[in-house]
Amino acid sequence: MSITLDKEMLQKSITIADSVISSKNVNTVLSNCLFKISGNEIEISATDNELGIKTRLDAVSGSDVIFTANGKRFANILKELPKGEISIEVNAGFMISIKPKTNDLKANYTLVGTGKDDFPEIPFFFEDNAVEIDQSVLKDMFRKVIHASALDTIKPVFNGVYLVSDSSGKFTAVATDSRRLSMISRHVENEISLTDGVIIPLKTVNEVLRLLSSGGMCRFSVLDNQCFFKIAETELVSRIVDGQFPNFKQVVPKQQSTSVIIETQRLVDAIRRALVFTREPANKIVLHFSSNNLVIEARTPDLGESTEEVQVESNSKDKISIGINAQFLMDTLKEIDSHSVKIGLTGQMSPVTLCPEDDPDFLSVIMPIQIKTA
Amino acid sequence: MRNRTILHVDMDAFYAAVEQLDNPALRGAPVVVGADPRKGSGRGVVSAASYEARAYGIHSAMPISMAYKACPSAHFLPPRFHRYHEISTKIMDIFYSFTPVMEPLSIDEAFLDCTGCGKLWGSPRETAEKIKAAIRSETGLTASVGVATNKSIAKIASELDKPDGLTVCDPGNEREFLAPLPAKALWGAGKKTVEVLHTMGLRTIGDVAASDRASLEKIMGKMGTHLWTLANGIDDRDVCPDWERKSFSEETTFEQDTGDDARLELTLMHLADTLSRRMRKSGLTCKTVSLKIRLEGFLTFTRSRTLDEPVNDTRSILDTALEAFRKFDREGKRVRLIGIAITGLQEPENRTERQLDLFGCPQEVADDVKKHRSADTLLDSLKERFGDKVTRATLLKDIHS
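Residue numbers (my numbering), protein chains in the order written: chain C, 27 to 400; chain Z, 46 to 446.
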């Protein structure tokens, strides 16, 4: 069996599959990628038992062969080869011979592979009720809310992004770690039956984000406890998080008594400077709102303090001071592309809302830090 | 440059020496403190070996079965940590009486910064002699002391003349003093590092000092620069009296490799219980919980989880460790050792500045948390009074079975 193909295409596909493999895997079979060469394509797959990925690329071969090989090492040698075509041959003992097809480099590299053994079969994309959505839209949705999900896996329902469609043509992504929440809704053309919603694990969301590009459509579906993504030549299957996503609608304030409009970039700059004078994990700053300005104050013993004034437009004459985690603010402000941001407030112990002025469908909620009032 | 006087004091074969001190019949005989050797089939390792036992090639961290084979007639004793701590406290008090700038490195060794104490205790050598004499008269034990202008050389020097030794490296003589010593004597150069140095043809500290710093850094990264600096007799690190604890850990080696999940999880429960109690006692919380697991064949793995909120209750630590354990695919292999370590230690957050929660705390959850917290407190005080016989696991055994 011999196959000729472009080395960069192969390298890219191997890297896509290999990225799901955990370097900490004990199971040796799963630390390899599975290569299926048949007729006119190569299919490369990998899994860590929770997340499976398979990607295909065109290549004409004389015969069929199935083997596994260490994806990182395979990609590494390809990376070091000059641009252009290479030929690959796999013998009966699964020795993979790689030869650059250029006259400049006379070389032969042989990578040790193994047979398929008990490499698990990765299920095919489940077509029923699949949602079709613009890659750029899904990418934007995930990117804008992912920061709010919990990194730790103690409460699994917070360690992911919740996808739901509770009214026709509307697709919503929500993430929360119970102290803050971000949600975004977008319009989709086709009907989605996802009224109960599913929680996609954080690791899967990150993988999907890596695969999504700015053009073309992608597909998404759910079957039992698994979710499926089909993005260009790559399919991804993952478990979904078992458990009930909290009732997020209940905690999003319907109406805030005070609404303040601020220039986004100005606020980002001020908060970034204030962050220097805060300490993890609370990163506490105090926001003093009045009718036409906002004073951002950070005060940390043994560290220093800062105050900075920013012009605002407010619908209220009342003064209000709120303690808040500056990092949480930064995380969400970074995702706001519009010129100005609308901040909603009701009281010291009530949730703070942030929303781009021109995009009411992207909303973030942050719970304050309780402060002693003077 | 500061001309400091740094002493490294290291007790000689500490655990074994305490045993010989408490039982005159053991004096002059090979004594091994550690796991039960079970006539050569025992597991676990040597904690300490007396100098008489070292003559048979026995050393600490050696598998106990090997020690038994080397000298079956040695006195094999289980450790009595309580007693060692008692004596350690005495020794640390002696150090304090010489200088307040004292940094304990472990139960039986410490750095002392005696810079500017010349009027009080005499020359550096005289100071060291006075400390050794004080230890001998107050505890009956011997220590070895290294004296130098920095920590690294003092630590190396205390090793050179063991037991009951005293080695002084005079100021200005650092490089000459270090040069003939083997590279492995460098503080921080482990087995792997020494192997790398050897492949580069560097066998003595002098070789390392004379080598090219840039190429060392290229091969070994930061460690390369660090070793090169130490080899050239430079070490600016201060003796830190208010040394902060960075981690807590507990582990168990099984008598026989086990594949019994129930037993492993019960062990984790014991470990989480002990660990969290130690943490509560020191008034700290932790952010990271690591599971350590050693399989048959000695392959060791660690799995860490970092939490969003710092914790110190038994349940959170146990749940985190259990989650890591259940996720760990050991491919049907049996387990030799299991342990938990906690890092990212910090003081509990200021309660007057509480981060509010979006979903509040549902009453049941709040009650549950409260219940567990009061159970923790109750158990802590029970153990304080009745010792380790009271454990959460023993209390829960009846409920589960």
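Just so you know, even glycine gets a beta-carbon here, dropped at the ideal spot from N, CA and C.
Asked	Found
Cβ-based burial, Gly384/Z [other Cβ within 10 Å; buried from 16]	buried
Beta carbon proximity, Asp353/Z to chain C, threshold 8 Å	yes
Met121/C burial status per 10 Å Cβ neighbour count (16 or more: buried)	exposed
Per-residue burial, Thr244/Z [other beta carbons within 10 Å of its own, 16 or more giving buried]	exposed
Minimum Cβ-Cβ distance from Thr50/Z to chain A less than 8 Å	Of the protein chains in this structure, namely C and Z, none is chain A.
Contacts that Asp178/C makes with chain Z (C-beta to C-beta distance below 7 Å)	Arg350, Thr351, Leu352 and Asp353
Candidates Ile68/C, Phe93/C and Lys33/C: closest to Asn58/C by CA position	Phe93/C
Chain Z contacts made by the region 339-362 of chain C, where a contact means CB separation under 8 Å	Gly349 and Asn351
C-beta contact flag for Ser110/Z and Ser86/Z at 8 Å	yes
Neighbour flag for His445/Z against chain C, beta carbons, 8 Å	With a pLDDT of 41 at His445/Z, under the threshold of 50, the modelled position of that residue is not reliable, and the figure given next carries that caveat. Not one chain C Cβ lies under 8 Å of His445/Z.
Rounded straight-line distance, which links the Cα of Ile311/C to that of Phe354/C	11 Å
Segments of 3+ residues assigned as beta strand (DSSP E) that fall wholly inside the region 331-400 of chain Z	331-340, 345-356 and 380-388
Straight-line gap, Lys229/Z to Leu242/Z (C-alpha atoms, nearest Å)	9 Å
Interface partners of Asp478/C on chain Z, CB under 7 Å	Nothing can be reported for residue 478/C, as the shown portion of chain C is limited to 27 through 400.
Residue interval of the alpha helix (DSSP H) (run including Arg212/C)	Arg212/C -> not in any alpha helix (DSSP H); beta strand (DSSP E) instead, spanning Arg206 to His213.
is_contact[Ala308/C, chain Z] using C-beta, thresh 8 Å	yes
Beta-carbon proximity of Ile136/Z to Met265/Z, cut-off 8 Å	no
Span of the beta strand (DSSP E) around Pro394/C	Taken as a continuous stretch (DSSP letters only), Pro394/C belongs to no beta strand (DSSP E), as it is neither H nor E.
Span separating the alpha-carbon of Ser446/Z from that of Leu316/Z	Since pLDDT at Ser446/Z reaches only 34, below the 50 mark, its modelled position is unreliable, and no value is offered.
Alpha carbon of Asp443/Z to alpha carbon of Thr221/C, nearest angstrom	Residue placement at Asp443/Z is poorly supported in this model, since its pLDDT is 39, which falls under 50; the coordinates still yield a value, given next. Looking at the two C-alpha atoms, the distance is approximately 44 Å.
Thr365/Z at chain C interface by Cβ criterion, 8 Å	yes
Host beta strand (DSSP E) of Gly78/C (start-end)	Leu77 to Asp84
Cβ neighbour criterion (16 or more within 10 Å) applied to Ala400/C	Any reading at Ala400/C must be qualified, since the residue scores a pLDDT of 45, below 50, and its modelled position is unreliable; the value itself is stated next. Its Cβ having fewer than 16 others within 10 Å, Ala400/C is exposed.
Neighbour-count burial assignment, Asn117/C, 16 or more Cβ in a 10 Å radius	exposed
Inter-residue CB distance, Ile47/C and Gly78/C (contact presumed, cutoff 8 Å)	Not quite, the Cβ-Cβ distance comes to about 11 Å (not below 8 Å), so this is no contact.
Chain Z contact for Pro272/C (CB, 8 Å cutoff)	yes
Cβ neighbours of Leu440/Z in the same chain (closer than 6 Å, five flanking residues each side left out)	Residue placement at Leu440/Z cannot be trusted, given a pLDDT of 47 that sits under 50; what the coordinates show is reported in the next sentence. None.
Among Asp302/Z, Thr184/Z, Tyr101/Z and Pro124/Z, the one whose alpha carbon lies nearest that of Arg88/Z	Asp302/Z
Beta-carbon proximity list for Arg348/Z, same chain, < 7 Å, skipping 5 on both sides	Ser335, Leu336, Ala369 and Phe373
Test: Ile395/C CB closer than 8 Å to a CB of chain Z	yes
Counted within 10 angstroms of its Cβ, other Cβ atoms place Leu177/C as buried (16 or more) or exposed	exposed
Reference Leu211/Z; option with closest CA among His53/Z, Phe121/Z and Gln391/Z	His53/Z
Beta-carbon contacts of His104/Z that lie in its chain and below 8 Å, excluding the five residues immediately before and after	Val91 and Ala94
Contact under 8 Å by Cβ, Leu329/Z with Glu392/Z	yes
Contacts of Met375/C in chain Z (Cβ-Cβ under 9 Å)	Leu401
Between the CA atoms of Arg298/C and Asn309/C - distance to the nearest angstrom	11 Å
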